[in-house]
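The opening residue of the sequence shown carries number 209 in the numbering used here; numbering runs sequentially from there.
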Amino acid sequence: MSAIPDPPRQFNLSAYYLDRNLEEGRAGKTCVISEGRRVTYGELHERVCRLTAALRAGGLTAEERVLIVLPDGIPFVETWLAVLRAGGVFAMVNPLLKAKDYRYYLRYTKARALVTTRDVLAELGDAARQSPYLRQVLVVGGGEPGFTSYEGAIEEADPALGAVEETGPDDLAGWLFTSGSTGEPKACVHLQRDFYYSTETYAMQVAGYREEDICLSVPKLFFGYATGTNLMFPMRVGATIVLFPERSTADAIFDQIEAHRPTFLTSVPTLINNMLRSPRCEGADLSSLRLCLSAGEALPEHLYREWMERTGVEILDGIGSAEMFHIYISNRPGEVRPGSLGRIVPGYEAEIIDAEGKPVPDGEPGRLRIRGGSTALCYWGAKASSVETFQGDACTTGDIFRRDAEGYYYYVGRADDLLKVSGIWVSPLEIENCLLEHPAVAEVCVVGREDDAGMTKPLAYVVPAAGFEGSDELARTLKDHLQGRLALHKYPRWFEWCSGLPKNDRGKVDRKQLRRAATEPGSPA
Numbered sequence: 209m210s211a212i213p214d215p216p217r218q219f220n221l222s223a224y225y226l227d228r229n230l231e232e233g234r235a236g237k238t239c240v241i242s243e244g245r246r247v248t249y250g251e252l253h254e255r256v257c258r259l260t261a262a263l264r265a266g267g268l269t270a271e272e273r274v275l276i277v278l279p280d281g282i283p284f285v286e287t288w289l290a291v292l293r294a295g296g297v298f299a300m301v302n303p304l305l306k307a308k309d310y311r312y313y314l315r316y317t318k319a320r321a322l323v324t325t326r327d328v329l330a331e332l333g334d335a336a337r338q339s340p341y342l343r344q345v346l347v348v349g350g351g352e353p354g355f356t357s358y359e360g361a362i363e364e365a366d367p368a369l370g371a372v373e374e375t376g377p378d379d380l381a382g383w384l385f386t387s388g389s390t391g392e393p394k395a396c397v398h399l400q401r402d403f404y405y406s407t408e409t410y411a412m413q414v415a416g417y418r419e420e421d422i423c424l425s426v427p428k429l430f431f432g433y434a435t436g437t438n439l440m441f442p443m444r445v446g447a448t449i450v451l452f453p454e455r456s457t458a459d460a461i462f463d464q465i466e467a468h469r470p471t472f473l474t475s476v477p478t479l480i481n482n483m484l485r486s487p488r489c490e491g492a493d494l495s496s497l498r499l500c501l502s503a504g505e506a507l508p509e510h511l512y513r514e515w516m517e518r519t520g521v522e523i524l525d526g527i528g529s530a531e532m533f534h535i536y537i538s539n540r541p542g543e544v545r546p547g548s549l550g551r552i553v554p555g556y557e558a559e560i561i562d563a564e565g566k567p568v569p570d571g572e573p574g575r576l577r578i579r580g581g582s583t584a585l586c587y588w589g590a591k592a593s594s595v596e597t598f599q600g601d602a603c604t605t606g607d608i609f610r611r612d613a614e615g616y617y618y619y620v621g622r623a624d625d626l627l628k629v630s631g632i633w634v635s636p637l638e639i640e641n642c643l644l645e646h647p648a649v650a651e652v653c654v655v656g657r658e659d660d661a662g663m664t665k666p667l668a669y670v671v672p673a674a675g676f677e678g679s680d681e682l683a684r685t686l687k688d689h690l691q692g693r694l695a696l697h698k699y700p701r702w703f704e705w706c707s708g709l710p711k712n713d714r715g716k717v718d719r720k721q722l723r724r725a726a727t728e729p730g731s732p733a
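Next up, the structure:
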């Protein structure tokens with residue numbers, strides 16, 4: 209591993225990301241642009257100090273959880289920094305969830321404070337009122353009986369009472385939730401040092417953030433991928449962050465690029481595809497961009513090549529996880545290998561292992577085991593899963609990879625997504641990537657379904673591209689396309705035509721929902 213200096217014995221992430229910018233002379237520089245507002249580092253610092261004092265006045269003490277349920281915007285940034293400044297532990301969730309989800313998160317986190325917005329209270333309000341743990345609820349927009357106005361709390365607080373809590377590198381800092389692909393979301397418990405470690409490795413040594421960067425993100429800040437790339441990492445170098453609360457559509461991203469001329473775009477494969485299919489793509493001026501990031505799902509090679517042909521902007525595809533906080537395998541500027549997820553990030557080590565935990569030779573698939581200084585302590589309240597996944601600073605993932613002789617890693621799929629067809633393990637990703645090469649396919653997800661004999665065969669859920677309609681003829685066309693590209697047993701036995709694929713709250717295709725649909729009685733075969 210590359211040597212990463214240990215943080216000092218007295219260390220708080222709020223000071224590391226925010227206060228350093230004042231010390232380095234950036235008090236007057238714009239930190240956040242959102243909904244027509246520009247906030248400088250100096251202005252942000254004062255408001256964070258006030259909010260820290262307000263949280264303390266509400267009873268928050270060290271290492272207590274604060275549930276953040278906010279859209280992207282200035283209050284999110286202020287809250288995230290203030291929770292850490294007070295010595296608290298942040299837990300961030302999607303502001304577009306339903307009441308049952310919020311009841312789960314409040315019960316699971318036992319949060320002592322909640323920061324949300326008035327628009328969310330229709331789903332969240334009752335659960336917040338009924339929580340036996342909450343001491344304080346701050347509402348952006350205010351005006352709700354029984355809750356405290358966020359703006360009022362900031363205005364009334366004394367910034368002198370918002371000093372940084374004297375935390376250390378091994379104090380608790382944040383909970384990052386898994387996507388819940390096999391059950392309820394679990395929280396990965398992270399220390400102060402974990403976020404520092406990923407910043408000093410991936411952000412500084414691979415992505416290469418610069419002070420002059422203007423950063424824009426497709427995924428929202430509650431998702432750890434975006435919390436890193438569009439909050440922590442830009443602030444580490446004194447860059448500028450662009451935030452917008454609306455849903456991330458291709459049109460919204462084109463609008464933000466036109467308005468703010470970002471240099472750094474955090475994206476996901478689905479939005480890269482949607483931008484390429486948009487009629488605005490040809491005429492869009494993307495010349496301000498110097499780099500694009502992609503994660504969440506592996507980026508198909510044909511999408512990378514098409515993006516490069518259209519824009520000339522490199523995409524650094526990589527993989528990270530809530531268990532490790534952020535990206536630990538990534539392509540590098542000037543060294544992108546299309547179709548791969550790149551090489552190991554400095555400061556991390558990886559090996560690909562078989563079912564017995566032994567390393568496999570290059571070229572052979574196996575589970576990825578990653579080791580580094582950002583590994584979570586555990587899954588909260590899930591000892592058995594924690595023991596299975598975490599071994600000190602190592603994390604044994606559920607991801608299947610292969611590595612080539614030059615150290616580039618290729619994603620095969622999740623272990624629980626693989627299909628055993630005709631006695632042979634099949635990666636749905638391989639089938640999906642082949643289908644995506646055909647112009648008639650906009651999106652696709654492959655899952656398993658049992659035939660009349662009880663044997664598992666591939667089923668393809670396909671969103672036809674504009675100008676095409678799902679039909680038996682299109683199914684035959686797609687099977688012809690696969691000829692010579694895939695072995696016969698990998699061909700989809702069935703095609704289901706969809707107007708869109710279900711997504712989870714992180715923008716990934718919800719395979720769990722599609723697997724359920726494939727096994728429902730009466731589902732066409």
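For glycine and all other residues, C-beta sits at the position ideal for the given N, C-alpha and C.
Looking at residue j and residue i, is the spacing between their C-beta atoms short of 7 Å?
i: L511; j: L473; result: no
i: T540; j: E557; result: Position check: residue 540 holds Arg in this sequence, whereas Thr was assumed. No, they are not a contact pair.
i: V629; j: E651; result: no
i: V301; j: Y313; result: yes
i: I212; j: G555; result: yes
i: V445; j: E419; result: yes
i: V291; j: F298; result: yes
i: T448; j: I422; result: yes
i: F819; j: A492; result: As shown, the chain starts at 209 and ends at 733. That puts residue 819 outside it, with no answer to give.
i: C653; j: R693; result: no
i: Y316; j: A335; result: no
i: A602; j: V655; result: no
i: S357; j: F533; result: no
Have a look at residue i and residue j and give me their C-alpha separation to the nearest angstrom.
i: K720; j: Y249; result: 42 Å
i: H468; j: N438; result: 14 Å
i: L549; j: G526; result: 5 Å
i: P215; j: Y225; result: 13 Å
i: A223; j: E564; result: 44 Å
i: R622; j: K306; result: 27 Å
i: H689; j: D612; result: 27 Å
i: P729; j: E658; result: Low confidence applies here, because P729 scores a pLDDT of 48, under 50, leaving its location unreliable; read the following figure in that light. Distance between the alpha carbons of P729 and E658: 12 Å.
i: P732; j: D680; result: Bear in mind that the predicted position of P732 carries a pLDDT of just 41, short of 50, making it too unreliable to give a figure here.
i: E645; j: A262; result: 54 Å
i: Q218; j: G295; result: 12 Å
i: P508; j: E231; result: 43 Å
i: A411; j: T435; result: 12 Å
i: W633; j: W705; result: 25 Å
i: C500; j: S707; result: 28 Å
i: R518; j: A673; result: 19 Å
i: G520; j: L332; result: 44 Å
i: E254; j: G571; result: 54 Å
i: G528; j: L289; result: 23 Å
i: S339; j: G662; result: 47 Å
i: E531; j: I552; result: 16 Å
i: V256; j: K698; result: 55 Å
i: G675; j: R485; result: 12 Å
i: Y481; j: F355; result: The question names Tyr, but residue 481 in the sequence shown is Asn. Taking the straight line from one Cα to the other gives about 42 Å.
i: S538; j: E363; result: 43 Å
From which residue to which residue does the beta strand (DSSP E) around residue i run?
i: E557; result: Y556 to I561
i: W383; result: L380 to F385
i: I212; result: Segment: none, I212 is in no beta strand (DSSP E) and carries neither H nor E.
i: D525; result: I523 to G528
i: S242; result: T238 to S242
i: S538; result: I535 to S538
Over what stretch of residues does the alpha helix (DSSP H) that includes residue i continue unbroken?
i: I465; result: A458 to H468
i: R311; result: A307 to T317
i: T287; result: I282 to R293
i: C257; result: Y249 to A265
i: L332; result: L329 to Q338
Is residue i near the ligand GTP, in the sense that its beta carbon is under 6 Å from a heavy atom of that ligand?
i: A563; result: The model depicted lacks the ligand GTP and carries no ligand whatsoever.
Taking only runs that begin and end inside the region 637-717, name each unbroken beta strand (DSSP E) of 3 or more residues, in chain order.
Listed in chain order, they are 649-658, 664-672 and 702-705.
Which full runs of the beta strand (DSSP E) of 3+ residues lie inside the region 470-517, going along the chain?
When DSSP assignments are scanned along the region 470-517, the uninterrupted stretches of beta strand (DSSP E) that are 3 or more residues long and fall wholly within it turn out to be 472-475 and 499-502.
The region 614-625 contacting the region 423-434, beta-carbon criterion three pairs below 8 Å
The region 614-625 makes no contact with the region 423-434: fewer than 3 CB pairs, one atom from each, lie closer than 8 Å.
So, do the region 574-594 and the region 635-646 have three or more beta carbon pairs nearer to each other than 8 Å?
Taking a cut-off of 8 Å for Cβ pairs, the region 574-594 and the region 635-646 do not touch, as fewer than three such pairs fall below it.
How about the region 401-409 and the region 370-386: do they share at least three Cβ pairs that are nearer than 8 Å?
Taking a contact to require three or more Cβ pairs closer than 8 Å, the region 401-409 and the region 370-386 qualify as touching.
Between the region 243-257 and the region 337-349, can you find at least three pairs of beta-carbon atoms closer than 8 Å?
Counting C-beta pairs closer than 8 Å gives fewer than three between the region 337-349 and the region 243-257, which falls short of the contact rule.
Any contact between the region 474-492 and the region 602-609? By contact I mean 3 or more CB pairs, one from each, below 8 Å.
No, the region 474-492 does not touch the region 602-609.
Counting Cβ pairs, one atom from each stretch, are 3 or more of them under 8 Å apart for the region 275-285 and the region 314-323?
Touching, yes, given that three or more Cβ pairs across the two stretches are closer than 8 Å.
Please list the segments of the beta strand (DSSP E) lying wholly inside the region 431-460, counting only runs of 3 or more residues, in order along the chain.
Those beta strand (DSSP E) runs which fall completely within the region 431-460 and span 3+ residues are 448-451.
Unbroken stretches of the alpha helix (DSSP H), 4 residues or longer, contained in the region 344-431
Within the region 344-431, the complete alpha helix (DSSP H) runs of at least 4 residues are 358-364 and 400-406.
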